[in-house]
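Here's the structure we're looking at; comments come further down.
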Amino acid sequence: MGLVQYITSRVGAYLLVLFIGITITFFLPRMMPSDPIEGYIAQLQSQAGQTLSPEALESLRNSLRELYGLKGSLLTQYFSYIKRVFLTFDFGPSLTAYPKPVSETILTALPWTVGLLMTTTLLSWIIGNLVGLIAGFFHNRRGATVLEVLGVVLYPIPYYILALVLILLFAYVWPIFPLSTTILPGPLTLEKIGNILYNSFLPGLTLVLAGFGWNILGMKSLAYSTKEEAYVTFARLKGVPPRAIMTSYVFRNALLPQVTALALSIGTIFSGALLTEVLFSYPGLGLLVRTAVGNGDYNMLYGTITISIIAVATAALAIDLLYPLLDPRIRYR
Amino acid sequence: MNSNLRLKIGLAILTVFTIGSLLLPFFNTVDPSQQGKYLKNLPMSSAHLLGTNSLGQDTFWFLVFAIRNSLLLGVAVSLCSTIISVLVGLSAGYIGGWYDRVVMLITDSFITIPILPILIVLGALVRGSTSFFSIGLILVVFSWAWNSRTIRSIALSVREREFINMARFSGMSTLGIILKEVFPYVYAYTVVGFINSILFVINTEAALAVIGLSNVRVPTLGSIIFWALNYNALFIGQFTWVVAPVVATVLLFLGLFLTSTGYNELFALRRGRV
Numbered sequence: 001m002g003l004v005q006y007i008t009s010r011v012g013a014y015l016l017v018l019f020i021g022i023t024i025t026f027f028l029p030r031m032m033p034s035d036p037i038e039g040y041i042a043q044l045q046s047q048a049g050q051t052l053s054p055e056a057l058e059s060l061r062n063s064l065r066e067l068y069g070l071k072g073s074l075l076t077q078y079f080s081y082i083k084r085v086f087l088t089f090d091f092g093p094s095l096t097a098y099p100k101p102v103s104e105t106i107l108t109a110l111p112w113t114v115g116l117l118m119t120t121t122l123l124s125w126i127i128g129n130l131v132g133l134i135a136g137f138f139h140n141r142r143g144a145t146v147l148e149v150l151g152v153v154l155y156p157i158p159y160y161i162l163a164l165v166l167i168l169l170f171a172y173v174w175p176i177f178p179l180s181t182t183i184l185p186g187p188l189t190l191e192k193i194g195n196i197l198y199n200s201f202l203p204g205l206t207l208v209l210a211g212f213g214w215n216i217l218g219m220k221s222l223a224y225s226t227k228e229e230a231y232v233t234f235a236r237l238k239g240v241p242p243r244a245i246m247t248s249y250v251f252r253n254a255l256l257p258q259v260t261a262l263a264l265s266i267g268t269i270f271s272g273a274l275l276t277e278v279l280f281s282y283p284g285l286g287l288l289v290r291t292a293v294g295n296g297d298y299n300m301l302y303g304t305i306t307i308s309i310i311a312v313a314t315a316a317l318a319i320d321l322l323y324p325l326l327d328p329r330i331r332y333r
Numbered sequence: 334m335n336s337n338l339r340l341k342i343g344l345a346i347l348t349v350f351t352i353g354s355l356l357l358p359f360f361n362t363v364d365p366s367q368q369g370k371y372l373k374n375l376p377m378s379s380a381h382l383l384g385t386n387s388l389g390q391d392t393f394w395f396l397v398f399a400i401r402n403s404l405l406l407g408v409a410v411s412l413c414s415t416i417i418s419v420l421v422g423l424s425a426g427y428i429g430g431w432y433d434r435v436v437m438l439i440t441d442s443f444i445t446i447p448i449l450p451i452l453i454v455l456g457a458l459v460r461g462s463t464s465f466f467s468i469g470l471i472l473v474v475f476s477w478a479w480n481s482r483t484i485r486s487i488a489l490s491v492r493e494r495e496f497i498n499m500a501r502f503s504g505m506s507t508l509g510i511i512l513k514e515v516f517p518y519v520y521a522y523t524v525v526g527f528i529n530s531i532l533f534v535i536n537t538e539a540a541l542a543v544i545g546l547s548n549v550r551v552p553t554l555g556s557i558i559f560w561a562l563n564y565n566a567l568f569i570g571q572f573t574w575v576v577a578p579v580v581a582t583v584l585l586f587l588g589l590f591l592t593s594t595g596y597n598e599l600f601a602l603r604r605g606r607v
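As they're listed, the protein sequences go chains Y and R. Start counting the first sequence at 1; every next residue gets the next number (the numbering used here). Start counting the second sequence at 334; every next residue gets the next number (the numbering used here).
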């Protein structure tokens, strides 16, 4: 009974996140004073040396409105937008690589972002939590203080600063890694995999380090407070070996809030990853967004942003749905 | 690390940054964002403490104004968002029931939605012509959620205490109970949340500026890096142009973070003793 209730509430929250996110991305830009179509037409006009006739401009305006999905009242636009996103997964053609559909370009960029994010988030979460556990469990040793200071220093440093520092250190001062990403073309051979790993190292390290501080500090305070619980004291008095107390008494319980926290912070992590990709020219969604902004390719921009919101919400839902596996209280409530 | 020590280090850093960035501009008569004011790419000297950049601006003064603007934006936005989060968190935690569930669902959605992509869309549409004020306004919309979640959970535990029943039975209004009886308990966290969201706001604006989507003509901790990257400061050996804002950002953020956690732990200790 408890499990069913849990799952329905999570799925409900998921749908609400999607709804709010997509509604915001739809309405906020339309409340802005500037009109992308007029901007684009002005750009075409200046390229054509003001030679376009008013009739040609009018037909251009109409076909652009249709292409952008800007025809009709705000409400009809909204419903057709929702329908396109959820039913046909269609974001229209790209305006710079016309008529290639936007969804095609997004699907080639998506695996890069997902791959980079999943690997780094997992690594950072696992290592960070283990370090935090040790720092919290042995909180009165000197080594624990060192680990904690590491967490405190890493925690507030923003993604773009970490990326810049790593670029500065490992691409300029000691140039062992490439400044920006260049992936070999061609099929997936062993050499190409090596190339991908080599190029992904610095962006990956940025993301791992950025998540570290947060994981260490979160786990440290949880482990520290769990250690003071009565059942841990009882286990200690009963003679349970310290290692077992640390892993199956303290860690097992301190882990649960960290899982919830991970689900909640996926959005922040994703935003950081977008920025990191831009700074390293990594071929994922972040770079796609950056080039779309630069080219004024609005279909591409909306498509990428919408996919981002769906991806983040789905990842958070996946973590939430895995949670009952770790927490038996939800299964047997 | 001792929480007292944290608080001291954090406050020391913040004091230096605040006083420095608020007082120093009075000694400068030149608008630091004006381009071509000095010779380009001058090295560090007594006239230009951090040299000049490829736009003919004095790097030191640009940085001072950047820190001031970022701090002012952070404090102003954080003030508004903290007020919202206190109102939302307290009311949800105290009133409970359906109201709480609906409000928390919305709050969680705002936490989960990735903010940067949405800001990028907005930044792309208004391209550079964004006023600093409207960026602040947008940041208010997206920065209240985390704090109201925490404040709600504190309010939730306070609600069960005996003195709340006492207040209710003696005929106090809901608003009165929330403000006079519950608020004192979340006050300490409100300070912590306030500092945390200053950090968040400065960081988000800077992140937008670094990719050129904030108003990059206004000196902020992000726009200075945007210009440095745009003019390939590292390639032409202009290290101070990049390193100075990086060091300033790290120090400022460390100061904010140490103050907030130091204060939080110190307050928790004091609460435990009473």
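Don't be surprised by glycine CBs; every beta carbon is placed ideally from N, CA and C. This one's a predicted model, so the numbers in the text were calculated from it and none came from an experiment.
**Message:** Given this structure, state the Cα-to-Cα distance separating Leu-423(R) from Leu-472(R), to the nearest angstrom.
**Reply:** 21 Å
Residues in the segment 6 to 21 of chain Y having any Cβ partner in chain R nearer than 7 Å: Within the segment 6 to 21 of chain Y, contact with chain R at the beta-carbon level (separation under 7 Å) is assigned to Ala-13, Leu-16, Val-17, Ile-20, Gly-21.
Applying the criterion that 16 or more other CB atoms from any shown protein chain within 10 Å of the CB defines a buried residue, is Pro-447(R) buried or exposed?
By the 10 Å Cβ count, Pro-447(R) comes out buried.
Requested in this report: Whole angstroms is fine: what's the gap from Ile-531(R)'s alpha carbon to Gly-545(R)'s?
Outcome: 21 Å
Check your understanding: Asn-361(R) versus chain Y: which residues are under 8 Å apart at the beta carbon?
Key -> By Cβ distance, chain Y contributes nothing, its closest Cβ being about 26 Å from Asn-361(R), past 8 Å.
is_contact[Pro-450(R), chain Y] using C-beta, thresh 8 Å: yes
| Is the CB-CB distance between Leu-207(Y) and Gly-272(Y) below 8 Å? | With contacts defined as CB atoms closer than 8 Å, Leu-207(Y) and Gly-272(Y) qualify as a contacting pair.
Pull up the distance between the alpha-carbon of Glu-55(Y) and that of Asn-299(Y), whole angstroms please. 25 Å
Contact check, Leu-287(Y) vs Val-293(Y) under 8 Å by CB: the rounded distance? Leu-287(Y) to Val-293(Y), Cβ: 11 Å. No contact.
Item to check | Met-219(Y) versus Ala-254(Y) - alpha carbon distance | outcome: Rounded to whole angstroms, Met-219(Y) to Ala-254(Y) spans 7 Å at the Cα level.
Item checked: Rounded separation between Leu-344(R) and Pro-241(Y) - CA only -> 42 Å
Listed by chain order, chain R residues near Ala-109(Y) by CB distance under 7 Å
Residues of chain R passing the Cβ test: none, with the nearest at roughly 13 Å.
Contact list for Thr-25(Y) against chain R, beta-carbon separation under 7 Å: Chain R residues near Thr-25(Y): Ile-451, Val-454.
Would you list, in sequence order, the uninterrupted alpha helix (DSSP H) runs of no fewer than 4 residues that lie entirely inside the segment 499 to 552 of chain R?
List check, alpha helix (DSSP H) in window: 516 to 543.
Can you check whether the CB of Ala-163(Y) is closer than 8 Å to the CB of Phe-280(Y)?
yes
task = Mark Met-377(R) as exposed unless 16 or more other C-beta atoms lie within 10 angstroms of its C-beta, in which case mark it buried.
result = exposed
**Q.** Same chain only: Cβ atoms within 7 Å of Thr-181(Y), ignoring 5 sequence neighbours per side
**A.** Around Thr-181(Y), the same chain offers Asn-199, Phe-280, Ser-281, Tyr-282, Pro-283 as residues with beta carbons nearer than 7 Å, after the five sequence neighbours per side are excluded.
Item to check | Chain-ordered residues of the segment 417 to 443 of chain R with a beta carbon less than 8 Å from chain Y | outcome: Listed by position, the residues of the segment 417 to 443 of chain R near chain Y (Cβ gap below 8 Å) are Leu-438, Ile-439, Asp-441, Ser-442, Phe-443.
Is Ser-124(Y) close to chain R, meaning its C-beta is less than 8 Å from at least one C-beta of that chain? Cβ-Cβ to chain R under 8 Å: no for Ser-124(Y).
Taking only three categories from DSSP, how would you classify Gly-320(Y)? Correcting the residue identity first, residue 320(Y) is Asp in this sequence and not Gly. Looking at Asp-320(Y) - three-state DSSP - the assignment turns out to be helix.
Between which two residues does the alpha helix (DSSP H) carrying Ala-235(Y) extend? 230 to 238
Output yes or no for whether 8 Å exceeds the beta carbon distance between Ile-269(Y) and Ile-451(R). No, these two residues do not count as a Cβ contact at 8 Å.
Could you confirm whether any beta carbon from chain R is found closer than 8 Å to the beta carbon of Phe-270(Y)?
yes
- Boundaries (first-last residue) of the alpha helix (DSSP H) holding Gln-258(Y): 252 to 280 is the span of the alpha helix (DSSP H), which, as asked, contains Gln-258(Y).
Check your understanding: CA-CA distance, Thr-247(Y) and Leu-95(Y)?
Key -> 55 Å
Chain Y contact residues for Pro-447(R), given Cβ-Cβ distances below 7 Å: Gly-267, Phe-270, Ser-271, Ser-308, Ile-309, Val-312
**Prompt:** Taking the alpha-carbon positions, what's the Asp-364(R) to Tyr-172(Y) distance?
**Reply:** 32 Å
Notebook entry, point to check: Which residues share a DSSP beta bridge with Thr-385(R)?
Noted result: Asp-391(R)
What in chain R is Cβ-close to Ala-316(Y), meaning under 7 Å? Thr-445
| message | Can you confirm whether Ala-457(R), when its beta carbon is compared against all beta carbons of chain Y, has any partner nearer than 8 Å? | response | Put simply, the CB of Ala-457(R) is near chain Y, with a gap under 8 Å to one of its CB atoms.
- Out of Phe-466(R), Ala-500(R), Ile-511(R), Val-454(R), state which residue places its alpha-carbon closest to the alpha-carbon of Ile-487(R). Of the residues Phe-466(R), Ala-500(R), Ile-511(R), Val-454(R), the one whose Cα lies closest to the Cα of Ile-487(R) is Ile-511(R).
Test: Val-152(Y) CB closer than 8 Å to a CB of chain R:
yes
Closest by CA to Leu-179(Y), which one among Leu-169(Y), Leu-188(Y), Gly-186(Y)?
Leu-169(Y)
- prompt: Residues in the segment 269 to 300 of chain Y with C-beta within 7 Å of chain R's C-beta atoms, listed in sequence order?
  reply: For the segment 269 to 300 of chain Y, which is checked against every Cβ of chain R, the residues closer than 7 Å are Phe-270, Ser-271, Leu-274, Leu-275, Val-278, Val-289, Arg-290, Val-293.
Going by C-alpha to C-alpha distance, which of Gly-469(R), Leu-375(R), Ile-400(R), Trp-479(R) sits closest to Thr-348(R)? Ile-400(R)
Mark Gln-390(R) as exposed unless 16 or more other C-beta atoms lie within 10 angstroms of its C-beta, in which case mark it buried.
Gln-390(R) should be labelled buried.
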